[in-house]
Each structure stands twice: as C-alpha cells, then as structure tokens.
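K.L.:
My structure is below; once you've seen it, I'll send some questions.
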Amino acid sequence: MPRSIWNGTITFGLMRVPIKVHSATEDKGVHFHEVHAKDGARVNHRRMCSKEGKEVPYKEVARGYEVRSGEYVLLSKEEIDAAAGRQSREIELEEFVAAGEIDPIFYDRGYWLGAGDDGADAYRLLHDALARADRVGLGRWVFHNREYLAAVGAHDDVLTLQTMRFADELVGAGDLELPSPSRKPDPREVKMAGTLVDSLSDTFDPGRFHDSYRERVLTLIEAKARGEEPELPDEPEAAGEMDLAAALEASLKGR
Amino acid sequence: MPRSLWTGSLSFGLVNVPVSVEAAVRDRDLHFRQIHEKDGAPIETQRWCSEEDVEVPYDEITHGYELDDGSQVVISDLELQAIEPRRTRTIDIEQFVELDDVDPMYFDHPYWLVPASDDDGAVRAYRLLTEVMGQTDRAALGRFVMRAKEYLAIIREREGALALSTMRFADEVRDPKDVEAATQKAHKPAKKELDAAVAVIEALTREWEPDKHKDRYRSRLRKVVDRKRKGETITAPDADKAPEAAPDLMAALEQTLEELQSARA
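Protein chains in written order, with the working numbering: chain A, 3 to 257; chain B, 1473 to 1737.
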C-alpha cells in the first residue's frame, strides 16, 4: 500500500479517531505523451499571452472567471484556496445514515482508512460500531483545498471513506425523455425475461473481467517495439428491428 | 435535454435494445481560465517541439510511450484505431449479479441508458429489462466501447430507468490488506464500549436526505468571485488549531451520550 495521502482525525461526539487516508483505486490506463510525428521529439505545452505572443512564466498566471463575454474577474491561487474554508485536520461525523440508503450513484472517489498514531483502539471501536449498527457516518473533508462531503463506513476489516456527489449534480430519471411502449410487457414476456436473467446470473467476481483494451494497447506497444506492423479494423454490424417475444424465446432455446 | 454521449444497442441473449448513453452527472463547478496577470489577456496553450523550437500543428502530433529502458515507441491514431474492439456499438450483457454483491468501490462514472428508438418492441424490451432487474434487485454486467476505450459497465434499475455506471477493473481497486486496520485482538473493543459507541451512532442517525447536503465549497468560491468583482480583498481563514490528544474512550463515549440525552430532554 502506498503512503497515506492525508492524516487527520475523525470525530463523532467527543470521540476522536486518528486516521490515515489511502487511495483505494488507481488508474491503470495506458497514457501517452505527445510527440512530434516528424522527428519523434516530445511536445511541450507553452503558456502564451494572447496579447503579447510571448511565453508567460507560471508565477504571472492568474485565474479568470468570466462574468461577461471577454470580461474576467481575476483571482490568485491563494484567493481560490480561501474558498476551501478552514484548513481542518478533522472530519466531524455530524450524522449517521443507514448504509443501504445511499445509492452508489452518490459515491465519487473511494479511499481506505488506516489507523493513525495511537489510534488503534478508537479505530477498531468506530469500525465495529459502524458494522454492527450498519450505518455510515457523514462529514466534511477538506482535501487539497476543497471541501468534500464524505461518507465513512465499515468494509470487511477496514474503514472506508467515499467522497460524494451533491444531489444537485445528479440528473434524475425525471429529466430524461423516456418513451412509453404502447402496451406493457405481457406476463409471458416478463416470465421469459426473468428466466433469461436467472440463467445468466452468477456471483460477482471482479477478477473475471480484464481490461482487454488496455491489454491490446500494451500488446501493440510491444509489437511496435519489435518493429512489427499492426492490422486494420473491420466495420461494425448494425442492428435491425425486432420481435421481442421471438428474440426472448430464441435466447432461452440456446441455453 | 442532455445530448447522447453514445448510441448503440444493449443486448442480452438475442434481444437487442437500441439505447443511448446520457450524462447522469452535471458539472456545476466554477471554471477558471488562465489569464496573464500583467495585461489581463487570456493565456493560450501552444504545442512546441522540444527539439526544433517551433510550434507543432495539431495534425503533426502523435502518441509516444516510454518503455522501461527509457526508449520510446511511437503509436499513431490509426494504429490505436486498429485495436479498437470490433463491436463498438453494443453493450453485451455477459451476466447478471445481485446488486448488493457489487462493492460500490467498483463504481466509477454514472450515466443513464435511454431507449434510442421509437420501435415499440425496443421500447417494451427496455421496460421489460428495467422491471425485471428492479423486481429481482439484479444488475447486469457488460462491456462497451466509448471514446475509443473499452469499459466494464454495471446496469441496474434506478427511478424506473436503467442506470449505467462504468466500473473499475479488479486491478484498479487496491487490496486493503496492507492498510493498518488494527485487527489485532488487543484492539478489540470491550462490549461496554461497543454498546456505547453504537448508542451514540444511533442517537445521531438521521434519514438520508441528499438535498440537505450542499456544496459549500462551490458557494464559497462563488462568493469569493463576487467579492473580488466588487474589489474586496480576500484572505484565507486561519488553520484550525492542532487537535487535542484523544481522551479515554469510555469517558468520551459516556460524556457524548450524556450530552446527546440532555440535548434531547
């Protein structure tokens, strides 16, 4: 496990739980840098002043918020950071909610929490109490000059922290244009679909799924490193109109 | 009405439902543009060749991947396109799982799936799948390719529609076994402590009301912009004082419970 990215204290009531925050996820995508095709040299990004046509050193860069077309309110990095609020080393759990009530759509980034210095007993107590009560605690976490809503919960043996999306950032189903069918699915269709779902059901095993695209990109890189030439793609097939009941029936026959 | 990010078909067995992928999250952040402080002119990013000291037009840019030995492999757009999977317009449902079995840690970015055809059979198939998954608390796992990247996706019923979330692959979720979780017997709480901690948690338990929680960072940032516009000076608030040492666990629990009870009385 890489080093912690934040150390602080979770509080609830008068309880204090020293913790360390570790990222629970990592991006394994293959990243390229930009290269000038002609000579294979790296491409650098330069900040150029649109008025002077000259490169601008980083310390002369301000952040502009456009209030009217072409009119900017200028803020320094420090002024933007002021919006983070108090630089707190505490996450106060202000309330608890039933763990199952929060839809995963609210969860943004996930972290594992480790016990902080001299905090092993308090860590275990918070973990076991959350697990037994089946609750998650909600609080605010100031990280990298930004305040997040965070949910702290028990996950197997460890405590987790999830930063959360705010309700007004989510598009509800009511905002979608969902066409209605001329008639509801009939009982035979519901029964067949249920049977089909059952026959395709299995336990969730995340290890079964590999990022085959990432694997292909890495294979391509290896082939190119050996000086080989890659193949060309085929055209995708198009889908036609369908007879729902017939398709369900045919799907079930194949099993 | 949000625009579609992807259109194609959702297929399970031999049933194909034309669907489009739409955003489930709207960006409400304040965005800033880089400005040259001296003259107030916007800053433009230019790409320059590190060897020739000339600006590089976009069509002369390709992708470089650095190998472990420091040498570089150059990959073109065409070569990347060549390895895009063939069935780029289908989400193939490979299996259904119990929704509760999927750790939210695997959920990445949320989207909506909506029917992309007025064909009655297709719309009914969408309804049918939504109903059956909702009734059985099942979710579907499948793969699809969006913006030249293959995703693992989980599809489930939410608010009477199909919600899709891209998922992290197993090796992108770190194993928490190395996290210091104080699992040694010596740290196991006494029954009295655990009971008291559960009592505190229950006393502080509320209904989950998502609308109640506001993005205070966003509103403060908006205020900072407004104040700056009026010519005010902005200073950061002081840092919190260093946290106090943790008191005796049981004493803290008892005092918390007392305070919660007297607040309620």
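The beta carbon of each residue, even a glycine, is placed where N, CA and C say it ideally should be.
1. Just checking my contact of A:T205 with A:L254 at CB under 8 Å: how many whole Å lie between their CB atoms?
2. Whole angstroms are fine: how far does the CA of A:A117 sit from the CA of B:P1661?
3. For A:H24, go through chain B and note every residue whose CB falls closer than 7 Å to its CB, in chain order.
4. State the start and end residues of the unbroken alpha helix (DSSP H) segment that holds B:Q1553.
5. Pull up the distance between the alpha-carbon of A:L178 and that of B:I1555, whole angstroms please.
6. Using the beta-carbon of each residue, which ones in chain B are nearer than 7 Å to A:I223?
7. Let me see if you follow: with CB-CB separation under 9 Å, is A:L163 close to chain B or not?
8. From A:E239 to A:K193, what does the alpha carbon distance come to, in whole angstroms?
9. For A:D213, count neighbouring Cβ atoms within 10 angstroms of its own Cβ and tell me buried if that reaches 16, exposed if not.
10. Can you pull out the residues from the stretch 168-189 of chain A whose beta carbon lies closer than 8 Å to at least one beta carbon of chain B?
11. What is the DSSP secondary structure of A:G176, counted as helix, strand or coil?
12. Strictly under 9 Å for the Cβ-Cβ distance: is A:S203 near chain B by that measure?
13. Can you name the residues of chain A whose CB is closer than 9 Å to the CB of B:T1608?
14. Does DSSP put A:K22 in a helix, in a strand, or in coil?
15. Name, in chain order, the residues that DSSP records as bridge partners for B:E1629.
16. Could you tell me whether any Cβ in chain A is nearer than 9 Å to the Cβ of B:R1688?
17. Comparing the C-beta of A:W8 with each C-beta of chain B, is any distance below 9 Å?
18. I think A:G229 touches B:M1577, with their Cβ atoms under 8 Å apart; what is that distance to the nearest whole Å?
19. Going by the CB atoms, is the gap between B:P1648 and A:V19 shorter than 9 Å?
20. Have a look at B:K1663 and A:L127 and give me their C-alpha separation to the nearest angstrom.
21. Name the chain B residues whose beta carbon is nearer than 8 Å to that of A:S71?
22. Which one or two residues does DSSP pair with B:H1535 in a beta bridge?
23. State buried or exposed for B:E1551, treating a residue as buried only when at least 16 other CB atoms are found within 10 Å of its CB.
24. Establish whether the CB of A:H146 and some CB of chain B are separated by less than 9 Å.
25. Just the C-alpha distance for A:P208 and B:G1480, rounded to the nearest angstrom, thanks.
26. Which of the three DSSP states, helix, strand or coil, is assigned to A:R48?
27. Step through the CB atoms of chain A and report whether any lies within less than 9 Å of the CB of B:R1599.
28. So, helix, strand or coil for A:P238, using DSSP?
29. Which whole runs of the alpha helix (DSSP H) in the stretch 1577-1608 of chain B are 4 residues long or more, in chain order?
30. Using a Cβ cut-off of 9 Å, pull out every chain C residue sitting near B:F1579, in sequence order please.
31. So the candidates are A:A248, A:R65, A:W8 and A:A247; which of them puts its Cα closest to the Cα of A:D119?
32. Ordered along the chain, which non-local residues of its own chain (more than five positions away) have a Cβ less than 8 Å from that of A:R137?
33. Pop quiz: A:G31 and A:R210 are said to be a contact at Cβ under 8 Å. What is the actual Cβ separation, rounded to whole angstroms?
34. Mind checking whether B:S1522 and A:A43 have CB atoms under 9 Å apart?
P.N.:
Reading it off the structure:
1. Not quite, the Cβ-Cβ distance comes to about 22 Å (not below 8 Å), so this is no contact.
2. 14 Å
3. V1651
4. D1549 to A1554
5. 34 Å
6. Y1537, V1545 and I1547
7. no
8. A caution first: A:E239 carries a pLDDT of 49, below 50, which makes its placement in the model unreliable, though a value can still be read off. Between A:E239 and A:K193, the C-alpha separation is close to 30 Å.
9. buried
10. F168, A169, D170, E171, L172, V173, G174, A175, G176, D177, L178, E179, L180, P181, S182, P183, S184, R185, K186 and P187
11. helix
12. yes
13. G196, V199, D200 and S203
14. strand
15. B:L1634
16. yes
17. no
18. Incorrect: roughly 41 Å between the Cβ atoms, too far for contact.
19. no
20. 10 Å
21. Result: empty, since nearest Cβ-Cβ is about 12 Å, beyond 8 Å.
22. A:E36 and B:I1547
23. buried
24. no
25. 25 Å
26. strand
27. yes
28. Here A:P238 scores only 47 on pLDDT, less than 50, and its place in the model should not be relied on; the value that follows carries that caveat. Here A:P238 sits in coil by DSSP.
29. 1592-1608
30. You won't find chain C in this structure, because its protein chains are A and B.
31. A:W8
32. F98, V99, A100, A101 and G155
33. With 8 Å as the limit, A:G31 and A:R210 do not qualify as a contact, their Cβ atoms being about 20 Å apart.
34. yes
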